[in-house]
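Asks: To start, I am sharing the structure in question, which I have written as structure tokens.
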Amino acid sequence: GAVVSQHPSWVICKSGTSVKIECRSLDFQATTMFWYRQFPKQSLMLMATSNEGSKATYEQGVEKDKFLINHASLTLSTLTVTSAHPEDSSFYICSARDVPNSQSYEQYFGPGTRLTVT
Amino acid sequence: QKEVEQDPGPLSVPEGAIVSLNCTYSNSAFQYFMWYRQYSRKGPELLMYTYSSGNKEDGRFTAQVDKSSKYISLFIRDSQPSDSATYLCAMSSTSGTYKYIFGTGTRLKVLA
Chain Y
1 GAVVSQHPSW
11 VICKSGTSVK
21 IECRSLDFQA
31 TTMFWYRQFP
41 KQSLMLMATS
51 NEGSKATYEQ
61 GVEKDKFLIN
71 HASLTLSTLT
81 VTSAHPEDSS
91 FYICSARDVP
101 NSQSYEQYFG
111 PGTRLTVT
Chain U
1001 QKEVEQDPGP
1011 LSVPEGAIVS
1021 LNCTYSNSAF
1031 QYFMWYRQYS
1041 RKGPELLMYT
1051 YSSGNKEDGR
1061 FTAQVDKSSK
1071 YISLFIRDSQ
1081 PSDSATYLCA
1091 MSSTSGTYKY
1101 IFGTGTRLKV
1111 LA
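Chains as they are written, first to last, in the working numbering: chain Y, 1 to 118; chain U, 1001 to 1112.
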């Protein structure tokens, strides 16, 4: 149980275009999802916390107009990178917390999406 | 000062060695301590978690938390080449959104 999927696993886009990444909890409901970015040989940096039905909370230094997050249902959150540039090329990972056990600390991680902007 | 400090390595050990991985932290509100393993271009995989202080053992893995020193460790016994990966520590408090703060990760290579 507690599986999180991401789609696509790898995407290449041209500079200036937008790209959407999906994060789904497959066998549980998630009120809260988290989006992380990881540059090569670096750690996971939290970008934003996504709550179902409300606006996402962005970490300091993350441009909310550039990284649009939508958490429209208890099983789906999307991250849209708008007007992508080569410096946005990175590994994007989402995680989710289980609703019934809302006091639980545990986050379940997706497999990640590699974004390459040319 | 970063909230969580972790030596990035790389750390190379021979097969069968005992590996010791460590993190230090500064935020005394952290109560949950996790260790993740991450293979290249994959999502992190939870190995161990500990609540508050103490030791926890699972197979070849032992996690230790010393809250008085703000220091956590992961030991891997009888290391195998398949253990070669990046190991990340992560920490969370018990308030708010339970967001995780990750260490930089230690790259481990176990030589056959």
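Backbone N, C-alpha and C fix where the C-beta goes; we use that ideal spot for every residue, glycine too.
What residues from chain Y crowd round Leu1088/U, counting only those whose CB sits closer than 9 angstroms?
Replies: By Cβ distance, chain Y contributes Ser43, Leu44.
Asks: Can you tell me the Cα-Cα spacing of Met1091/U and Pro86/Y, whole angstroms?
Replies: So the alpha carbons of these two residues sit roughly 31 angstroms apart.
Asks: Kindly list, in the order they appear in chain U, the residues whose Cβ is closer than 7 angstroms to that of Phe109/Y.
Replies: What Phe109/Y touches in chain U: Gly1043, Pro1044.
Asks: Below 8 angstroms on the Cβ atoms is my contact criterion, and I expect Val11/Y with Gly110/Y to pass it. Report the Cβ-Cβ distance as a whole number of Å.
Replies: In fact, because the Cβ distance is near 14 angstroms, the residues do not count as touching under 8 angstroms.
Asks: Within this structure, are the beta carbons of Thr1094/U and Gln1038/U separated by less than 8 angstroms?
Replies: Not a contact, by the Cβ cut-off of 8 angstroms.
Asks: Just confirm the distance between the C-beta atoms of Gln1001/U and Ser1026/U, as a whole number of angstroms; I'd bet it's less than 8 angstroms.
Replies: About 6 angstroms separates the two Cβ atoms, so the contact holds.
Asks: Confirm, please, whether the CB-CB distance from Tyr1032/U to Tyr1051/U is below 8 angstroms.
Replies: Yes; because the gap between Cβ atoms is below 8 angstroms, this pair is in contact.
Asks: Ignoring anything shorter than 4 residues, give me the alpha helix (DSSP H) runs that lie fully in the region 17-66 of chain Y, in order along the chain.
Replies: The qualifying runs do not exist here; there are none.
Asks: So what's Glu1057/U in DSSP terms, helix, strand or just coil?
Replies: Reduced to three states, the DSSP call for Glu1057/U is strand.
Asks: Pairs of beta-carbons, one from the region 1015-1030 of chain U and one from the region 1062-1072 of chain U, closer than 8 angstroms: are there three or more?
Replies: With the cut-off at 8 angstroms, the region 1015-1030 of chain U and the region 1062-1072 of chain U touch.
Asks: Does the CB of Phe1030/U have a neighbour CB from chain Y at under 8 angstroms?
Replies: For Phe1030/U, the answer is no, since every Cβ of chain Y falls outside 8 angstroms of its Cβ.
Asks: Less than 8 angstroms between the CB atoms is what I'm expecting for Phe91/Y and Leu79/Y, so what's the real figure, rounded?
Replies: Rounded, the Cβ-Cβ distance is 12 angstroms, inconsistent with contact.
Asks: Distance cutoff 8 angstroms, beta carbons only. Does Thr1104/U sit that close to anything in chain Y?
Replies: With 8 angstroms as the cut-off, Thr1104/U counts as an interface residue toward chain Y.
Asks: Is there contact between the region 1003-1017 of chain U and the region 22-29 of chain Y, where contact requires at least three CB pairs shorter than 8 angstroms?
Replies: Touching, no, given that fewer than three Cβ pairs across the two stretches are closer than 8 angstroms.
Asks: One question on the structure: do Met1048/U and Lys1042/U come within less than 8 angstroms of each other, judged by their Cβ atoms?
Replies: No, the Cβ-Cβ distance between Met1048/U and Lys1042/U is not below 8 angstroms.
Asks: Where do the N-terminal and C-terminal ends of the beta strand (DSSP E) with Asp1022/U fall, by residue?
Replies: Note that residue 1022/U is Asn in the sequence shown here, rather than Asp. Counting along the chain, the beta strand (DSSP E) containing Asn1022/U begins and ends at 1019-1025.
Asks: Is the CB of Thr49/Y under 8 angstroms away from at least one CB in chain U?
Replies: So yes, Thr49/Y belongs to the interface.
Asks: Taking its Cβ as the centre, do 16 or more other Cβ atoms sit within 10 Å of Leu1108/U, making it buried, or is it exposed?
Replies: Leu1108/U comes out buried.
Asks: Hey, could you find the ends of the beta strand (DSSP E) Val11/Y is sitting in?
Replies: 10-13 is the span of the beta strand (DSSP E), which, as asked, contains Val11/Y.
Asks: Please classify Ser1082/U: does DSSP put it in a helix, a strand, or coil?
Replies: DSSP places Ser1082/U in helix when its eight states are reduced to three.
Asks: For Pro1044/U, which of helix, strand or coil comes out of DSSP?
Replies: If DSSP states are grouped into helix, strand and coil, Pro1044/U belongs with coil.
Asks: In terms of DSSP beta bridges, what is Asp1066/U paired with?
Replies: The partner list for Asp1066/U (beta bridge, DSSP) reads Tyr1071/U.
Asks: From Met33/Y to Ser1020/U, what distance separates their C-alpha atoms?
Replies: When rounded, the distance between both Cα atoms is 32 angstroms.
Asks: Mind checking if Lys1099/U is an interface residue toward chain Y, Cβ cutoff 8 angstroms exclusive?
Replies: Yes, because at least one Cβ of chain Y sits closer than 8 angstroms to the Cβ of Lys1099/U.
Asks: To the nearest angstrom, how far is it from the Cα of Ile69/Y to the Cα of Gln107/Y?
Replies: Taking the straight line joining both Cα atoms gives about 18 angstroms.
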